[in-house]
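Participant: Residue numbers (the UniProt record's numbering), protein chains in the order written: chain A, 1 to 243; chain B, 1 to 243; chain C, 1 to 243; chain D, 1 to 243; chain E, 1 to 243; chain F, 1 to 243.
(1) Helix, strand or coil, according to DSSP, for residue 200 of chain A in the structure here?
(2) According to the Cβ coordinates, are residue 106 of chain D and residue 160 of chain D closer than 8 Å?
(3) Which residues, in order along the region 150-168 of chain F, keep a beta-carbon less than 7 Å from a beta-carbon of chain A?
(4) Can you tell me whether residue 192 of chain B is buried or exposed? The criterion is at least 16 other CB atoms within 10 Å of its CB, across all chains shown.
(5) Going by Cα to Cα distance, which pick from A/167, A/126, A/146 and A/155 is closest to residue 135 of chain A?
(6) Residues in the region 76-110 of chain F with C-beta within 7 Å of chain E's C-beta atoms, listed in sequence order?
(7) How is the beta strand (DSSP E) around residue 24 of chain B delimited, first residue to last?
(8) Could you name the residues of chain D that residue 218 of chain C contacts, counting a contact when the two beta carbons are closer than 8 Å?
(9) Rounded to a whole number of angstroms, what is the C-alpha to C-alpha distance between residue 148 of chain B and residue 70 of chain C?
(10) Classify residue 243 of chain B as helix, strand or coil using the three-state DSSP reduction.
(11) State the start and end residues of the unbroken alpha helix (DSSP H) segment that holds residue 149 of chain C.
(12) So, are the CB atoms of residue 122 of chain C and residue 32 of chain C less than 8 Å apart?
(13) Under 8 Å, with one C-beta from each stretch per pair, do the region 17-37 of chain E and the region 74-89 of chain E reach the 3-pair mark?
(14) Nearest to residue 222 of chain A by CA position, among A/211, A/190, A/233 and A/235, is which residue?
(15) Taking C-beta pairs closer than 7 Å, name the residues in chain F that residue 213 of chain E reaches, listed in chain order.
(16) Would you mind sorting residue 239 of chain D into buried or exposed? The rule is 16 or more other CB atoms within 10 Å of its CB.
(17) Is residue 233 of chain A helix, strand or coil when you go by DSSP?
(18) Restricting to Cα atoms, I'd like to know which of C/116, C/73, C/36 and C/205 is closest to residue 51 of chain C.
(19) Using 8 Å as the threshold, is the region 196-211 of chain F in touch with the region 209-223 of chain E, meaning 3 or more CB pairs across them?
(20) Just the Cα atoms here: how many angstroms apart are residue 112 of chain B and residue 139 of chain B?
(21) Roughly how far, in whole angstroms, is the beta-carbon of residue 236 of chain C from the beta-carbon of residue 94 of chain C, given that I think they are within contact range, below 8 Å?
(22) Give me the residue from F/183, F/145, F/75 and F/241 with the minimum Cα distance to residue 16 of chain F.
(23) Starting from the beta carbon of residue 117 of chain F, find every residue of chain A whose beta carbon is closer than 9 Å, and list them in chain order.
(24) Check whether the Cβ atoms of residue 77 of chain D and residue 48 of chain E sit closer than 8 Å, and answer yes or no.
(25) Using only alpha-carbon positions, find the residue among E/187, E/179, E/178 and E/163 that is nearest to residue 172 of chain E.
(26) With a floor of 3 residues, list each beta strand (DSSP E) that falls wholly inside the region 61-141 of chain C, ordered by position along the chain.
(27) Closest by CA to residue 126 of chain F, which one among F/6, F/38 and F/92?
(28) Check the Cβ of residue 64 of chain A against every Cβ in chain B and list those closer than 7 Å, keeping chain order.
(29) Can you tell me which of F/108, F/75, F/98 and F/72 puts its alpha carbon nearest to the alpha carbon of residue 58 of chain F?
(30) Please confirm whether residue 123 of chain F has its beta-carbon closer than 8 Å to some beta-carbon of chain A.
(31) Can you tell me whether residue 98 of chain E is buried or exposed, with buried defined as 16 or more other CB within 10 angstroms of its CB?
(32) Cα separation between residue 88 of chain E and residue 68 of chain E?
(33) Just checking: is the beta-carbon of residue 58 of chain D within a distance shorter than 8 Å of some beta-carbon in chain E?
(34) Contact criterion: CB-CB distance below 8 Å. Does residue 1 of chain F meet it with respect to chain E?
(35) List the residues of chain D whose Cβ lies closer than 7 Å to the Cβ of residue 68 of chain E, in chain order.
(36) Below 8 Å on the Cβ atoms is my contact criterion, and I expect residue 227 of chain E with residue 13 of chain E to pass it. Report the Cβ-Cβ distance as a whole number of Å.
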């Protein structure tokens, strides 16, 4: 089978250029602009000294996420969710995914009774916004935790290790890493994978948009995701090592 | 590692008793009560002779799903979503999953410009409500299609084959098939798998609730799911073969 | 005037076959499936150890009801109220009626500071859903109270006596007891009556859908309702006398 | 039993002073301020040259009502429903009642494909707001119809006859006509009755707030209502006979 | 340029007849019907012995306003905001303006921890509803404060002085005071001005509906507003001087 | 009176450094990041080939605006309006202001039956977000119009001239131009002024937060605004002259 041809000579197992800009805005405890090619997501981490009702008095903290997309982040303008008066099912699904992914690498006991809010707002979309959001949110969360440590508000880091995410999919029979918008639209099978720095799985969400996929295709996609996430974790660490 | 002990002597790779009652209510074109042990979901299929705006004039039909849970389907009473004025993120996520799973086995062109609404309402919950809903909704959809065929409204079936779903998870280190509520609560890793009758994947949604899971654990869970779904598809077919 | 001919040879003053199934679901403190012919309503009673704000600190309890209808309980599929984001005026009117009817036979002082929630969900509708709901909710409430008594949480029953309800109406000039859907649609005057076991009125709600009705017609309808409710109260007691 | 003593020497079967001011505001096709003692309701009738979806193309018109209460119409300030973002169940119940009552005296065929909106807004409340609203709305509707007749937009009146309403109740064992607020609060049984000018019933809505009521009490209340409504219809006619 | 001709021989710098009726309804601590020509607004002041969350424990009170318009206060019937389920942007803007205007003349410290709610409901609209509302709300607020003083609940008045408002605008090149509806519709520039009794500005809100306006036009409008508000303050005082 | 000391040696009549970055995102027809010091607003202009209902068939176009603020654009995290389910009164007031300001320089007839949506999203807030939004939205709108002209979709520009806005206020007795957040918070009187390139007023919105302001103070503020807007219009033109 002839391979699908990607834009910019990109290989099937190659990430788009990834840029992580820390300190993108000034007010948040952590503020990261993450770019996966033309996809740009602003991830901020805000620390609040209280927890939601289900955690009150538990001695544990909470980590939660919200996701949004500016109306003209996309090719055609979408409705503003605040104006429509409710968040779409897609938005809620994504923010639940980001929150679970972050909590997978947090020891809530060590965080103490405080909340870290991760706001992931898409400034420009070109596929993979949720995986870019998870990858960027981790860096913002780490910056916020470092600030708490530096201020002596936390004796030890509640972060167990890095977490990152990438999308993979099969387009015209070819398994591809890190889909951009045109690939995502043409895609028969689409999978979002979230993994820890140790190489274990936090979330695997695969969906057949057209024909159902075989076990062999699933294995190929998981291998691509493992490779991509390994590279993303390295980029996170490199970014965090800069002062 | 000693194995987790299941209620009722159930083996780790064993489904709960599954019962499929067709024609449970009288008005719907398809009406199925599906029971996975103590989990009971009423799945109805309603045929409407029009399509949503994004399909109008396309010559294609649409298949969509809604999911609900009666307030006291659970151990403690939950809020009624109609009274609260909105569906939770969890509800929306589930009904999107059911809809995608059904569309994976429908040729929308052959359905013509009509909509099949699948309503999955949980009368009693004991874990696995979404997978029971998918498995039951397929039977209800097949009944509705058979009615359209019998009435001469469709020349050929738009259904490509069966679809069913099951949950799998790791409890105390043991991979288990078809989790009931107490197992689900104790579960470190939880996965919902949707497959076709041909043994291909429609959805794979795995989540680490506690520690991230390894590739080996993932493989074990997928194997369990394949086994369970094979059995569920056989039960669907057996039920549909009764007049 | 020739009498209106009812389905199944039913006499004008005859109830449909009534079935009361206690313990229909397992989690609720009281759970009753009540059937008036093809109308099926699941009534659950849930006990909560707190009261709404207006009763806090009063030493009194509260009894309240919610009503819902599954989307395909009816001939044509109705919108799901949770998806629409609000309950219809009809739904609110019915659940207020059920709540008032239940409170009419409760001594809230004796109930203590706890709430009994009655959820009445229509699985299948064929007329008379609100009167079936009231009649079934009383049985569920009695079961929940019996459980509190058995557990020693209540020293004495707060229930003053039974309450039941039935619809009556005039179709083609004939006063009829317990209208089914086709009769209800054809009905000039429709009345829902709620009475205690002692034969007194809790609610009388009569509405002229077409021509206004005379005092003599009103008297005929009230007499039919008295007869029907007497029979329903006997059926409730018989059901409750089974262990 | 000693009779309940009413304010202002009012007899048990006596209405409060009723005032009907037509043309109270200038824009509406009919605009009536109706006062039952200290209860003041502004009723406007607005004619719109289209009908709601369920009547389109039917050749019939529609008559509908909305009800509201200014936040400080009552002793203590109530929430503004527009600010809270939804109408209470009570509001919806009342406006459905007003709408049905008006439609009971309208020949919708003769009205043609137009809608009459009746807005009943309580400026000051002292019991009986819904019955004052019905009684006033009829006068406003008649004025709007007279305007349509005068302008030649209607060949004949679609109004079949007058309709009016009154509340009755039992306070300390005494059946009373037209309850004011303090009576309503003390009331064991409360009934709202809507009747036509011909003396037939449109709506009978009786509720036991405390003890259930007997058939004899019901008869006494109906007799009081018949007397009161007869007087109200005469007052409506007298008001309408003024130019 | 020939001057715009106003209805009723009104001069360009002349207010419409203004009527202030105190005690218009009986329950509120202050209740004022204010009329600017055919514009009629009912302004009530309600005293509540608690404050919103942002003032709790501050020792300060709060003054806030809500604004509404009856559906048929206008030439064509508008939607009822309570039925639509939300207040329009226009409504919110106006009630924020009224609230700020009132707080400009209140010493919240002297008010103590209580809230004054000002409800401004338009019974009939003919332009200038928000300025009539501010002018009337002040009188209602003063009556409520006087009541608190008379009852000994306040040792000294928290009111610093009067506040009133008027609209001004340029129609066909002529600056006009106190626009009625037809003038407002024809208006190129529209300005609402709120001033204190001492002649200082609380709010200046000018909007070019068509062509932008010059500094000279702005000066002419401000001069008209100063004149009109001086007269309105005198009318407020005269009204308040009546027992 | 000693003058208030501004951060960074800024003079009382001096703007903060203003930066206008065109083409900030790739999908919108116009996309501008505007910075007034630390305030950063992303303004996009989206062209849609249809108009809202009130303009259909009129031959005229429409220009409208929406405004949002990312949750952590501010010092402390604000609620996400999409999650809360409604836009605040402040948000609605601002987006109405932006829309009116843009329409003041548009000939809607020349625009034809299309809509320009201006989305102004605050990425970082430090005072003056609404005035930065107006100033940036004009540049984005001009870019969108230039694109329509270049594509031959418009024969002539519907833009009548530039429009820009600035805030002014009195802090500790000193009139200041272009308030940053700490100045805005300390401010007794706050005014937002919108003017055209020709030096005429589109909007003047002045509010006394504390003491009412005098006519002399008003004049001083207007003079400052005229100066600042003149400079902003020059910056807009300079930015637009770059290819």
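Here a beta-carbon is modelled for each residue, glycine too, at the ideal position from N, C-alpha and C.
This one's a predicted model, so the numbers in the text were calculated from it and none came from an experiment.
Facilitator: On the basis of the coordinates in this document:
(1) In this structure, DSSP gives residue 200 of chain A a state outside helix and strand, which the three-state scheme calls coil.
(2) Result yes, Cβ atoms of residue 106 of chain D and residue 160 of chain D sit closer than 8 Å.
(3) The region 150-168 of chain F vs chain A, Cβ under 7 Å: nothing.
(4) Residue 192 of chain B is buried by the Cβ-count criterion.
(5) Looking at A/167, A/126, A/146 and A/155, the one whose alpha-carbon comes closest to that of residue 135 of chain A is A/167.
(6) Along the region 76-110 of chain F, going in chain order, the ones with a CB nearer than 7 Å to a CB of chain E are 86, 89, 92, 93, 96, 100 and 104.
(7) From DSSP, residue 24 of chain B is part of no beta strand (DSSP E); its letter is neither H nor E.
(8) Those within 8 Å of residue 218 of chain C in chain D are 201, 204 and 222.
(9) Roughly 23 Å between the two C-alpha positions.
(10) Reduced to three states, the DSSP call for residue 243 of chain B is coil.
(11) Note, residue 149 of chain C: alpha helix (DSSP H), 129-150.
(12) With a cutoff of 8 Å on beta-carbon distance, residue 122 of chain C and residue 32 of chain C are scored as not near each other.
(13) The region 17-37 of chain E vs the region 74-89 of chain E: no contact.
(14) The shortest C-alpha separation from residue 222 of chain A is found at A/190.
(15) The contacting residues are 200 and 201.
(16) Flag for residue 239 of chain D reads buried.
(17) Three-state result, residue 233 of chain A: helix.
(18) Closest option to residue 51 of chain C, judged by alpha-carbon separation, among C/116, C/73, C/36 and C/205: C/116.
(19) As far as the Cβ criterion goes, the region 196-211 of chain F touches the region 209-223 of chain E, which means the pair count is three or higher.
(20) About 20 Å.
(21) A Cβ-Cβ distance of about 20 Å is found for the pair residue 236 of chain C and residue 94 of chain C, leaving them out of contact under the 8 Å criterion.
(22) It is F/183.
(23) Those within 9 Å of residue 117 of chain F in chain A are 71, 72 and 77.
(24) Contact: yes.
(25) Cα-wise, what sits closest to residue 172 of chain E is E/187.
(26) Qualifying beta strand (DSSP E) stretches, in chain order: 62-69 and 115-124.
(27) For residue 126 of chain F, the nearest C-alpha among the options comes from F/38.
(28) Those within 7 Å of residue 64 of chain A in chain B number zero; the least Cβ separation is about 12 Å.
(29) Put simply, of F/108, F/75, F/98 and F/72 the residue whose alpha carbon is nearest the alpha carbon of residue 58 of chain F is F/108.
(30) Output row for residue 123 of chain F: interface = yes.
(31) Residue 98 of chain E comes out buried.
(32) Each residue's Cα considered, the two are about 10 Å apart.
(33) It does not; no Cβ of chain E falls within 8 Å.
(34) With a pLDDT of 44 at residue 1 of chain F, under the threshold of 50, the modelled position of that residue is not reliable, and no figure is offered here.
(35) Correct list: 80 and 82.
(36) With a Cβ gap of about 6 Å, residue 227 of chain E and residue 13 of chain E count as contacting.
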